[in-house]
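Enquirer: One structure, pasted below without further comment.
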Ligand SMILES: [Zn+2]
Ligand SMILES: [Zn+2]
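Next up, the structure:
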């Protein structure tokens, strides 16, 4: 079963938002749409991460059916179908973004304001022409320096017992491992 996200036909460039890795942003939305559109009969062997995602989703009947299935049949680990579909979307979208950047689409914006997590920066580098690899490295370096500064400000404020951090720890984690909706 393949679920097409509503945003599937959009260019990746059109989803650019400051401070968010575009691939992570797309995958987060894809996962939400995927889970919303699952039918109640859908049963899979969710990974731990997606067990919790399903259990916390508003679609109670699906979570219930998956748990029934887990309880009533021999549980064989065939891999999580949700992870598999998200990985497929991830690969498609990384290749799409590589093509768009190579055509010059969004490259200026990306190099000045863009964000890429380490995971997707590395994936992109495998798909773009050699000349674009240093541009991607520069984006990651800029993101890293911004985060270092924010983390420094956060620690200084914490030492003085002030400031909530404004989500800087979440941004640092997202930068390092991506918000991909994947268990690993
Ligand atoms: Zn990412
Ligand atoms: Zn999973």
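Residue numbers (my numbering): -8 to 175.
Glycine is no exception: its CB is placed at the ideal position from the N, C-alpha and C atoms.
What do you reckon, are the CB atoms on residue 126 and residue 93 nearer than 8 Å?
Expert: In this structure, residue 93 does not lie closer than 8 Å to residue 126 by Cβ.
Enquirer: In this structure, does DSSP put residue -4 in helix, strand or coil?
Expert: Since pLDDT at residue -4 reaches only 49, below the 50 mark, its modelled position is unreliable, and the value read off the structure follows with that caveat. Coil at residue -4, not helix or strand.
Enquirer: Rounded to whole angstroms, what is the Cα-Cα separation between residue 96 and residue 57?
Expert: If you take the alpha carbons of residue 96 and residue 57, they lie about 42 Å apart.
Enquirer: Apply the 10 Å Cβ neighbour rule to residue 41 and answer buried if 16 or more other Cβ atoms are within range, or exposed otherwise.
Expert: The residue in question, residue 41, is buried, as its Cβ has 16 or more Cβ neighbours within 10 Å.
Enquirer: For residue 15, collect the residues of the same chain with a Cβ closer than 7 Å to its Cβ; drop the 5 residues on either side in sequence, then sort them by chain order.
Expert: These residues qualify, in order along the chain: 108, 111, 165, 169, 170, 171.
Enquirer: Could you check which residue in 102, 5, 2 has the C-alpha nearest to that of residue 130?
Expert: Checking every option, the nearest Cα to that of residue 130 belongs to 102.
Enquirer: Where residue 98 and residue 159 are concerned, what is the direct C-alpha to C-alpha distance, given to the nearest angstrom?
Expert: Looking at the two C-alpha atoms, the distance is approximately 26 Å.
Enquirer: Please look up how many angstroms separate the CB atoms of residue 115 and residue 13, rounded, as I've assumed it's under 8 Å.
Expert: About 10 Å; that fails the 8 Å criterion.
Enquirer: DSSP on residue 37, reduced to helix/strand/coil?
Expert: Note: residue 37 maps to coil in three-state DSSP.
Enquirer: Kindly indicate which residue of 11, 43, 10 has the alpha-carbon position closest to the one of residue 26.
Expert: Minimum Cα distance to residue 26 is reached at 43.
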